[in-house]
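Quick note on our numbering: the sequence shown kicks off at 30 and runs consecutively.
Here a beta-carbon is modelled for each residue, glycine too, at the ideal position from N, C-alpha and C.
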Amino acid sequence: PDLQGADGKFDVERYKALLAAQGMSPTMFEAQLRQDLALQQINAAVQNSAFAPKALSTRLSEINEQQREVQEMMFKASDYASKVKITDEMLKSYYDNSGSRFEVPEQVKAEYVVLNAAAAAAQVTVSDADIKSYYDQNAKRYTTEEQRRASHILITAPKDAPAKDRAAAKAKAEALLAQLRKNPADFAKLAKENSQDPGSAERGGDLDFFGKGMMVKQFEDTAYKLQKGQISDVVESEFGYHIIQVTDIKPGGARTLDQVKDEIGAEIRKQLAAKKYTELAETFSNTVYEQADSLKPVADKLGLKIETVANIGRNPNPALKDAPYNNAKFLNALF
30 PDLQGADGKF DVERYKALLA AQGMSPTMFE AQLRQDLALQ QINAAVQNSA
80 FAPKALSTRL SEINEQQREV QEMMFKASDY ASKVKITDEM LKSYYDNSGS
130 RFEVPEQVKA EYVVLNAAAA AAQVTVSDAD IKSYYDQNAK RYTTEEQRRA
180 SHILITAPKD APAKDRAAAK AKAEALLAQL RKNPADFAKL AKENSQDPGS
230 AERGGDLDFF GKGMMVKQFE DTAYKLQKGQ ISDVVESEFG YHIIQVTDIK
280 PGGARTLDQV KDEIGAEIRK QLAAKKYTEL AETFSNTVYE QADSLKPVAD
330 KLGLKIETVA NIGRNPNPAL KDAPYNNAKF LNALF
């Protein structure tokens, strides 16, 4: 890679510069390389031959084991830089022979304006009266109903079960209720041991929080009449017989206007901005079509800022990420 030019091909000038930095010329380097390769070939031929004469093998072994003491003098290119005179003719010749090394991709400088949701949102206003009106019209949205948390013990008895079976199920529920009246703290234990509701028995009968309309009517009516900690009588439903204990209550209520003012303001602004954007987009398109020679008319009419960007190439630049001018459609329009 160090010897490749901008076009990815071998660069002779870089090759020469790299050798010069090591005090060598191409002729010196190539002569040394030829000598090294020749020695490698001789050694390989001898080592791989099973019939080398003893005298030759001995001589080559002696040569390989010989040592030499040498002195080296380095000639640094930087020491001679001041002595080199570069003429205009040399520069021109180098430039002319360097091909695409100094080519710069086509680039443009452009002006643009952006109309987006943010620009539309900046042109809408939301008053206190707007917020109050929205709050009044959507009161239920900001109101929470009371929720209850309950546990139950279910003894199943389908409606179509024989009367004898239903009576037995009810009797079992009554017996469990009698135990709970004596020891209310045993509710979870008895639920695990006796409840026939597979979804809650392992949790001690816990059904978590629920609101109105989430349970069958008989169950819901009873649960909403009990106080926290209170245990119901046996309640019959389409599933069988329940014993219910309310374990927690979340009071319902409405959030005040002050509590939801910012939330409502953001929602109204979002709705108005969407409507405004549609209006502005039509005006934008018409104005640009009618006055295509300049961006100033559309910028003035819609309150947009004219932006300028330089050195834009034909292809998107990953480093610019989400810049409005860094997408294929924008660039295709420019070029």
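Spatial distance of residue i from residue j (CA atoms)
i: V245; j: A303; result: 43 Å
i: D157; j: K325; result: 35 Å
i: S229; j: G281; result: 25 Å
i: V155; j: A146; result: 16 Å
i: K221; j: D235; result: 10 Å
i: K218; j: K211; result: 14 Å
i: S90; j: L68; result: 13 Å
DSSP state of residue i mapped onto helix, strand, coil
i: V327; result: helix
i: N93; result: helix
i: S156; result: coil
i: K290; result: helix
i: T307; result: helix
i: S180; result: strand
i: Q225; result: coil
i: F216; result: helix
i: K138; result: strand
i: Y354; result: coil
i: A230; result: helix
Assigned exposure category for residue i - 16 Cβ within 10 Å defines buried
i: T276; result: buried
i: Q166; result: exposed
i: A22; result: Outside the displayed span of the chain (30 to 364) sits residue 22, for which this structure offers no information.
i: L9; result: Lying before the first or after the last residue shown, residue 9 is absent from the chain, which here runs from 30 to 364.
i: L309; result: buried
i: F131; result: exposed
i: F238; result: exposed
i: L120; result: exposed
i: A252; result: buried
Candidates the options: closest to residue i by CA position
i: Q176; options: F39, P353, Y306, I278; result: I278
i: D262; options: D329, Q70, L205; result: L205
i: F359; options: K211, V41, S180, V142; result: V142
i: E94; options: I115, F104, N72, E101; result: N72
i: K38; options: V264, N356, S129, K350; result: S129
i: E267; options: T185, V289, I115, D40; result: T185
i: E174; options: N340, Y354, K241; result: K241
i: Q274; options: F248, T285, K45; result: F248
i: E135; options: P353, N356, N340, A357; result: N340
Residue i, enclosing alpha helix (DSSP H) - first and last residue
i: E118; result: 117-125
i: V41; result: 41-50
i: F394; result: Residue 394 cannot be examined here, being either before or after the span of the chain that is shown, 30 to 364.
Where the beta strand (DSSP E) containing residue i begins and where it ends
i: N340; result: 336-341
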